[in-house]
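Residue numbers (our numbering), protein chains in the order written: chain A, 1 to 303; chain B, 1 to 295. Quick reminder that beta carbons are idealized off the backbone N, C-alpha and C, glycines included. In this text, all values refer to a predicted model and were calculated from it rather than measured experimentally.
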């Protein structure tokens with residue numbers, strides 16, 4: 001977009017400046033991102049190939065930190081937990097969110113109020129969510145003791161202190177927080193489906209169930225994909241919820257990779273190992289996000 | 001949309017049962033979503049004896065605001081016994097400048113990237129977009145060193161800088177996707193009339209931008225207020241934001257665990273973003289879905 005003055009005069013410095021003004025305006029933001037995101041990724045990547053412990057050192061030692069990482073039970077537990085947590089968190093949030101969206105789509109009079117209720121957890125921090133659920137799931141004073149107080153003496157719900165079940169407690173709290181968001185995604189997409197197709201299906205005598213299963217839900221495939229991608233990258237980044245809810249315990253039974261990274265970097269003076277785990281996290285996110293963003297951007301350009 | 005009322009076969013009893021089924025599921029879900037809020041609020045208003053009696057879901061016998069008072073200005077976090085108040089102020093001092101700066105930068109870059117398709121604009125946008133999704137663990141170590149080098153380690157200014165930088169990706173995405181939907185002709189016409197970049201931005205784009213400005217501000221405020229990892233990594237003691245202080249309060253071991261104070265503190269820490277959500281929920285939802293659905 002150039003706007004040099006008409007006539008034969010040579011463009012002044014000011015005019016030339018104004019033609020590159022858009023670039024100049026983007027430059028500070030872009031340079032900040034370039035340095036603080038991409039520069040730092042390279043920096044952390046470099047540290048992951050050094051023997052850094054308490055302080056970063058810049059002496060390269062190859063893949064030793066990665067070999068140590070993969071040999072650690074603690075990392076193994078964290079990565080398995082990510083698979084369990086991610087799997088349940090993503091699938092339950094999508095199923096519950098989708099179900100609520102379809103139910104809310106049935107001309108419900110107080111839809112606005114219900115929507116507000118389903119979505120408010122998303123406005124609250126993970127630390128607050130964790131604090132609330134930690135209190136409710138605490139066996140001695142929470143849900144377990146309440147139900148026992150009602151007369152069911154043998155009732156047990158002590159997952160939060162059970163090393164095999166603690167990660168599922170994190171799943172419960174995380175699904176509580178995210179399913180309303182998935183509901184909002186699906187509801188807005190349901191509302192934008194072409195009305196004519198639905199009317200035609202009704203006239204052909206299709207039932208509501210058939211219309212949802214046969215027409216509406218299949219047409220929402222892009223929304224399923226978006227929800228999956230967003231939840232997956234949130235799962236990989238999950239950190240605060242575990243800190244507030246289980247503290248990673250019992251022992252390290254409910255740690256996720258993000259907690260592993262923090263523990264190694266800030267508590268155990270294993271900076272090189274922390275950097276290696278951060279690189280693994282970035283690679284996992286990139287494996288999901290890069291193809292998705294690429295197809296989104298391409299789609300937009302061609303559409 | 002698919003309306004049950006219009007369904008040919010669904011009349012009389014069958015329809016009634018269908019509606020009843022839908023309503024009971026929806027109301028049950030609403031109760032489940034509200035339960036934690038109710039339990040936390042009820043617990044914060046009980047005294048310790050009542051809490052120890054174990055009636056988690058019961059209403060408090062009488063409204064007792066002592067725990068709120070303690071959480072706000074008396075509870076011990078580490079060695080300081082001043083409650084959440086100083087950390088709440090830290091979070092305000094950190095969020096407000098970071099929200100304003102990142103929104104302004106995002107609006108300008110979004111405008112430049114959408115309406116002046118200079119060479120490399122798309123590549124720049126893609127690189128900035130990916131910045132929304134990186135796990136921040138990958139930048140923590142270099143950031144800690146850089147903050148130390150700049151002399152703003154363990155300070156609110158350091159957190160403002162960090163949150164501004166990592167917010168730019170989001171605000172640029174919001175504004176760029178919004179400005180793409182505004183006709184290019186508007187900008188072209190103004191350019192022919194001799195208006196420059198800033199004049200077009202100020203006179204034409206900004207007056208149209210009110211909704212997306214609200215979305216960006218709410219999104220940034222919620223993100224920054226609720227953030228924990230960066231606050232926990234770069235600050236300690238008196239410079240901590242409220243999320244970090246809340247977590248320390250919960251995990252501070254005292255002889256008698258004051259659950260009511262913990263719960264009141266959780267509500268105090270959550271109140272600003274909850275308030276924003278209640279006042280401007282519509283814009284909040286738009287921020288959430290802006291990055292998720294093709295624009």
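Under three-state DSSP, which class holds residue i?
| i | result |
| --- | --- |
| residue 134 (chain B) | coil |
| residue 77 (chain B) | strand |
| residue 92 (chain A) | helix |
| residue 60 (chain A) | strand |
| residue 134 (chain A) | helix |
| residue 140 (chain A) | coil |
| residue 86 (chain A) | helix |
| residue 113 (chain A) | helix |
| residue 80 (chain A) | helix |
| residue 140 (chain B) | helix |
| residue 191 (chain A) | helix |
| residue 124 (chain A) | coil |
| residue 57 (chain B) | coil |
| residue 153 (chain A) | coil |
| residue 15 (chain A) | helix |
| residue 118 (chain B) | coil |
| residue 171 (chain B) | helix |
| residue 165 (chain B) | helix |
| residue 239 (chain A) | coil |
| residue 193 (chain B) | coil |
| residue 207 (chain A) | coil |
| residue 94 (chain B) | helix |
| residue 260 (chain B) | helix |
Could you tell me the alpha carbon to alpha carbon distance between residue i and residue j, rounded to whole angstroms?
| i | j | result |
| --- | --- | --- |
| residue 47 (chain B) | residue 55 (chain B) | 12 Å |
| residue 252 (chain A) | residue 42 (chain A) | 29 Å |
| residue 288 (chain A) | residue 227 (chain A) | 12 Å |
| residue 75 (chain A) | residue 261 (chain A) | 9 Å |
| residue 129 (chain A) | residue 122 (chain B) | 38 Å |
| residue 38 (chain B) | residue 219 (chain A) | 38 Å |
| residue 41 (chain B) | residue 108 (chain A) | 28 Å |
| residue 216 (chain A) | residue 201 (chain A) | 11 Å |
| residue 69 (chain A) | residue 36 (chain B) | 38 Å |
| residue 281 (chain A) | residue 223 (chain B) | 21 Å |
| residue 113 (chain B) | residue 95 (chain B) | 26 Å |
| residue 33 (chain B) | residue 110 (chain B) | 36 Å |
| residue 269 (chain B) | residue 243 (chain B) | 7 Å |
| residue 209 (chain A) | residue 123 (chain A) | 33 Å |
| residue 221 (chain A) | residue 152 (chain A) | 44 Å |
| residue 195 (chain A) | residue 205 (chain A) | 16 Å |
| residue 120 (chain B) | residue 29 (chain B) | 48 Å |
| residue 12 (chain A) | residue 19 (chain A) | 11 Å |
| residue 74 (chain B) | residue 33 (chain A) | 41 Å |
| residue 131 (chain A) | residue 173 (chain A) | 10 Å |
Are the beta-carbon atoms belonging to residue i and residue j less than 8 Å from one another?
| i | j | result |
| --- | --- | --- |
| residue 188 (chain A) | residue 93 (chain A) | no |
| residue 133 (chain B) | residue 22 (chain A) | no |
| residue 87 (chain B) | residue 241 (chain B) | yes |
| residue 256 (chain A) | residue 65 (chain A) | no |
| residue 44 (chain A) | residue 138 (chain B) | yes |
| residue 252 (chain B) | residue 81 (chain B) | no |
| residue 231 (chain B) | residue 169 (chain B) | no |
| residue 246 (chain B) | residue 84 (chain B) | yes |
| residue 29 (chain A) | residue 173 (chain B) | no |
| residue 239 (chain B) | residue 155 (chain B) | yes |
With a CB to CB cut of under 6 Å and the five nearest residues on each side skipped, what residues in its chain are close to residue i?
| i | result |
| --- | --- |
| residue 183 (chain A) | 97, 100, 101, 118 |
| residue 67 (chain B) | 44, 260, 261, 264 |
| residue 292 (chain A) | 229 |
| residue 40 (chain A) | none |
| residue 148 (chain A) | 155 |
| residue 160 (chain B) | 94, 97, 98 |
| residue 78 (chain A) | 255, 256, 257, 260 |
| residue 177 (chain A) | 121, 129 |
| residue 84 (chain A) | 167 |
Excluding the 5 residues flanking residue i on each side, which residues of the same chain have their C-beta closer than 8 Å to its C-beta?
| i | result |
| --- | --- |
| residue 162 (chain A) | 250 |
| residue 218 (chain B) | 276, 280, 283, 284, 287 |
| residue 50 (chain B) | 60, 61 |
| residue 153 (chain B) | 144, 147, 234 |
| residue 55 (chain A) | 271 |
| residue 303 (chain A) | Annotation note: pLDDT 36 at residue 303 (chain A) (below 50); position unreliable, no value reported. |
Identify every residue that forms a DSSP beta bridge with residue i.
| i | result |
| --- | --- |
| residue 50 (chain A) | A:60 |
Which residues in the same chain have their Cβ closer than 7 Å to the Cβ of residue i, if we skip the five residues on either side of it in sequence?
| i | result |
| --- | --- |
| residue 246 (chain A) | 160, 166, 169, 170, 254 |
| residue 126 (chain A) | 240, 241, 244 |
| residue 63 (chain B) | 45 |
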